[in-house]
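*Asks:*
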Amino acid sequence: MAQRTGTAILALARVYAQDNDGANNFAVGASDALLLLNDVLMRFTTHVKSKDKYLAATTTGLSFSSGDVYKDMADNTGATMRISEFASFHPSGSSSLTFPVAPPLERVTVEEIIELLQYDGDNALAAAASEWTHVAAEKAQDVTAAGVEKWRVWADPVINRTRHLTVNAAGYTQLAQISDIPDIEEVDANHVARLLAWEMARLKKEPSQAFLDSILAPMPKEVVQQMYGGAVASALAQDRVDWRDW
C-alpha cells in the first residue's frame with residue numbers, strides 16, 4: 102500500500118481534531134499545520150520509530166579521490182530525512198550504488214582515526230592504499246554557512262584511487278511542503294495523524310480534556326509514552342553502533 106502524503110495525514114488529523122470545516126475555515130491554518138506536523142514527525146521518528154536508509158555517494162557526496170582523507174556532507178541529503186547517525190559505511194567502486202555489496206568498514210572515533218593516519222603536521226599524507234579499513238564520522242558546522250550543520254566522514258588509510266561510500270543512515274523526518282511523503286509506514290502515519298490532531302486541538306484551546314484524551318485513546322500507550330514521556334531516542338542508529346573504549 103502506498104505511503105501517505107503530508108496532505109493526507111493532515112486531512113485525517115483535521116477529522117480527528119474536528120477541524121474539518123467544509124468551507125475550509127480551519128482553526129489551524131495550513132502553514133501552522135505544516136510546522137506542527139514537522140514537530141510531530143521529528144519527535145516520532147526520533148523517540149518512537151525510524152527507518153534506516155541506504156544512500157549512494159551521488160546523494161551524499163562521499164566520493165573520495167586519490168589522496169582524500171575526509172569528505173563533508175549535508176545532514177539533509179536523505180530527501181525528507183535529516184541524518185542523525187550512521188549504522189554502517191560500505192566501500193564501493195560505484196558512486197550510484199544504493200545497497201551494500203562489500204562488508205561494512207570498521208567504525209572508530211575521530212580521535213582514533215587521526216591516530217591511525219599518523220599525520221605529523223608537516224608532510225602530506227601519502228596515498229598508498231587501494232582499500233580502506235576504518236571510517237569515522239562527526240557533526241561539524243559549515244564554515245561558509247552560519248547555522249548549517251554537516252557531517253564530516255574520515256577514512257583510513259589514505260586511498261590511492263577513486264572510491265565511494267554507500268552509507269546506511271538513520272534520522273528524523275521533515276517535510277519541505279505539505280505534499281511531501283514522509284518515509285513512514287501507513288500504520289505509523291495514522292499514529293502521526295492522531296498526534297498531530299492532539300496538538301491541533303490544543304492550539305484550538307479545546308476545553309474538554311475528555312475530547313483530547315479521546316483523540317489518543319486508540320493509540321498504543323507505549324507510543325504516547327515515548328512521544329511525551331521523555332523517552333530516550335531508542336529508534337536512532339547510534340544506539341546500535343558498537344563503540345570501543347580504548
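All letters in the sequence shown, in the order written, are residues 102 to 347 by the working numbering.
The beta carbon of each residue, even a glycine, is placed where N, CA and C say it ideally should be.
The structure displayed is predicted, hence computed values, not measured ones.
1. Going by the CB atoms, is the gap between residue 209 and residue 235 shorter than 7 angstroms?
2. Could you tell me how far apart the beta carbons of residue 173 and residue 260 are, in whole angstroms, since I believe they sit closer than 8 angstroms?
3. In whole angstroms, give me the CA-to-CA distance for residue 323 and residue 280.
4. How many Å lie between residue 122 and residue 183 at the Cα?
5. What are the start and end residues of each continuous beta strand (DSSP E) run of 3 or more residues lying completely inside the stretch 159 to 211, in chain order?
6. Kindly list the residues whose CB is nearer than 8 angstroms to the CB of residue 171, restricted to its own chain and excluding five residues on each side of it in sequence; keep chain order.
7. Is any heavy atom in the ligand MN found nearer than 6 angstroms to the beta carbon of residue 316?
8. For residue 58, which residues from the same chain have a beta carbon less than 8 angstroms from its beta carbon, with the 5 sequence-adjacent residues on both sides left out?
9. Once you ignore the five residues that flank residue 117 on each side, which residues in its own chain have a CB closer than 6 angstroms to its CB?
10. Exposed or buried, residue 139, counting other C-beta atoms within 10 Å across all chains shown (16 or more means buried)?
11. When we look at the beta-carbon of residue 318 and count the other beta-carbons within 10 Å, is it buried (16 or more) or exposed?
12. Starting from residue 292, follow the beta strand (DSSP E) in both directions and report where the run begins and ends.
13. Verify whether the separation of the beta carbon atoms of residue 282 and residue 106 is less than 7 angstroms.
14. Is the Cβ-Cβ distance between residue 111 and residue 181 less than 7 angstroms?
15. Looking at the secondary structure, which residues open and close the beta strand (DSSP E) in which residue 254 lies?
*Replies:* Based on what the coordinates show:
1. yes
2. With 8 angstroms as the limit, residue 173 and residue 260 do not qualify as a contact, their Cβ atoms being about 17 angstroms apart.
3. 29 angstroms
4. 34 angstroms
5. 171 to 175 and 182 to 193
6. 253, 254, 255 and 256
7. The model depicted lacks the ligand MN and carries no ligand whatsoever.
8. Any question about residue 58 goes unanswered here, given that the chain covers just 102 to 347.
9. Closer than 6 angstroms at Cβ, skipping near neighbours: 295, 298 and 316.
10. buried
11. Using a 10 angstroms sphere on the CB of residue 318, the tally of other CB atoms stays under 16, which defines it as exposed.
12. In this chain, residue 292 is not harboured by any beta strand (DSSP E); it is covered by the alpha helix (DSSP H) spanning 287 to 304.
13. yes
14. no
15. 250 to 257
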